[in-house]
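Read the structure below first, then the notes.
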Amino acid sequence: GAVVSQHPSRVICKSGTSVKIECRSLDFQATTMFWYRQFPKQSLMLMATSNEGSKATYEQGVEKDKFLINHASLTLSTLTVTSAHPEDSSFYICSASDSGYSNQPQHFGDGTRLSIL
Amino acid sequence: ILNVEQSPQSLHVQEGDSTNFTCSFPSSNFYALHWYRWETAKSPEALFVMTLNGDEKKKGRISATLNTKEGYSYLYIKGSQPEDSATYLCAFNTNSGGSNYKLTFGKGTLLTVNP
């Protein structure tokens, strides 16, 4: 149980392109979804937290106009990297929680490797 | 800025060896400590969520302890097997308010078990 599907797994595109990443909870309702970014040899860094039907909460230093998050249903959240540039190249991974409470684990997708040329 | 430190960064053990590694976190404002196992090309898998000082949890050959007063958690693997090879992440829970929570992750410990 608690499967999260993330798509696509790999994206290579030109600078200026917008890229959409989907995160779906397949067998549970995700009250809260989280988006992380990981640069080489660094830890997973939280970018934003989203709740179904409301605006995402972004972490300090993360541009909300650059990284658009939509959590339209209890099973789907999307992250759109708008007008991506080479410095946006990174590993992006989502997770989901069915409760949003600290004593419950997060369930992760497989991640998306984004490369901007 | 909250720091979660994991040590060692990596280690190699022989099949059958027992091993352990450490996660250090701020001892103030503790909510929960999470452990995840992340195998290459897969998604991170939740191992334990620990909330109480002195807590000890076990899952097969893997166990974890928690000391919230001094701010550390140990993960133990007994009789390591090649399939235990993975990066082990710990994450400290900081409550950003309301019922949502956010995790601050360490960089992980990369375990390689040689057959």
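If you're matching them up, the sequences are chains B and C in order. The first sequence begins at 13 in my numbering and counts up by one. The second sequence begins at 55 in my numbering and counts up by one. Just so you know, even glycine gets a beta-carbon here, dropped at the ideal spot from N, CA and C.
Delimiting residues of the beta strand (DSSP E) encompassing residue i
i: Glu34/B; result: 31–37
i: Glu99/C; result: 99–104
i: Leu91/B; result: 88–93
i: Arg125/B; result: 124–128
i: Val23/B; result: 22–25
i: Asn63/B; result: 57–63
i: Gln60/C; result: 59–61
i: Lys156/C; result: 156–159
i: Ser111/B; result: It is not in any beta strand (DSSP E) - Ser111/B carries neither H nor E in the DSSP assignment.
i: Arg167/C; result: Note that residue 167/C corresponds to Val in the displayed sequence, not to Arg. Looking at the DSSP string, the run of the beta strand (DSSP E) that includes Val167/C is 163–168.
i: Ser139/C; result: Premise fails: Ser139/C is in no beta strand (DSSP E) and is neither H nor E.
i: Ser72/C; result: Note, Ser72/C: premise wrong, no beta strand (DSSP E); not H, not E.
i: Gln72/B; result: Neither: Gln72/B is in no beta strand (DSSP E) and is coded neither H nor E.
i: Leu129/C; result: 126–131
i: Phe79/B; result: 79–85
i: Val15/B; result: Note, Val15/B: premise wrong, no beta strand (DSSP E); not H, not E.
i: Ala118/C; result: 116–121
Residue-level contact to chain B via CB, residue i, 7 Å cutoff
i: Ala100/C; result: yes
i: Gly160/C; result: yes
i: Ala140/C; result: no
i: Gly151/C; result: At Gly151/C the pLDDT is 48, less than 50, meaning the model places this residue with poor confidence; the figure from the coordinates comes in the next sentence. So no, Gly151/C is outside the interface.
i: Ser97/C; result: yes
i: Asn83/C; result: no
i: Tyr155/C; result: yes
i: Asn147/C; result: yes
Alpha-carbon to alpha-carbon, residue j and residue i
i: Thr94/B; j: Asn83/C; result: 36 Å
i: Ser85/B; j: Gly65/B; result: 7 Å
i: Lys26/B; j: Ile128/B; result: 6 Å
i: Ile116/C; j: Val31/B; result: 39 Å
i: Tyr130/C; j: Thr73/C; result: 6 Å
i: Val67/C; j: Met59/B; result: 35 Å
i: Asp77/B; j: Val23/B; result: 20 Å
i: Glu49/C; j: Leu56/C; result: A question about residue 49/C goes unanswered here, because the residues of chain C that appear run from 55 up to 169.
Closer than 7 Å to chain C by CB, residue i
i: Asp39/B; result: no
i: Asn82/B; result: no
i: Pro117/B; result: yes
i: Leu126/B; result: no
i: Leu86/B; result: no
i: Asp77/B; result: no
i: Ser21/B; result: no
i: Ser55/B; result: yes
i: Trp47/B; result: no
Residue i - DSSP class collapsed to helix/strand/coil
i: Glu93/C; result: coil
i: Glu99/B; result: helix
i: Glu110/C; result: strand
i: Gly151/C; result: Confidence in Gly151/C is poor, its pLDDT being 48 and thus under 50, which makes the residue's placement unreliable; the coordinate value appears in the next sentence. Gly151/C: coil per DSSP, three-state reduction.
i: Gln50/B; result: strand
i: Ser81/C; result: coil
i: Thr44/B; result: strand
i: Leu65/C; result: strand
i: Leu56/C; result: coil
Near the ligand NAD: residue i beta-carbon under 6 Å from a heavy atom
i: Thr44/B; result: Inclusion of the ligand NAD in the displayed structure is not the case, the ligand content being empty and no account of it being possible.
Cutoff 7 Å: residue i Cβ touching any chain E Cβ
i: Phe120/B; result: Any reference to chain E falls outside this structure, whose protein chains are B and C.
Residues of the stretch 58–72 of chain B whose Cβ lies closer than 9 Å to any Cβ of chain C, in chain order: Those residues of the stretch 58–72 of chain B that come within reach of chain C (Cβ to Cβ, closer than 9 Å) are Leu58, Thr61, Asn63, Thr69, Glu71.
In chain order, what residues of the stretch 99–125 of chain C put their CB closer than 7 Å to some CB of chain B? Close to chain B, meaning a Cβ-Cβ distance shorter than 7 Å, are the following residues of the stretch 99–125 of chain C: Ala100, Val103, Thr105.
Just by C-beta distance, which residues in the stretch 89–115 of chain B are closer than 9 Å to chain C? Taking 9 Å as the Cβ-Cβ cut-off against chain C, the residues of the stretch 89–115 of chain B that qualify are Ile105, Ser107, Ser109, Ser111, Gly112, Tyr113, Ser114, Asn115.
Contact list for the stretch 61–90 of chain C against chain B, Cβ threshold 7 Å: Listed by position, the residues of the stretch 61–90 of chain C near chain B (Cβ gap below 7 Å) are Tyr85, Ala86, His88.
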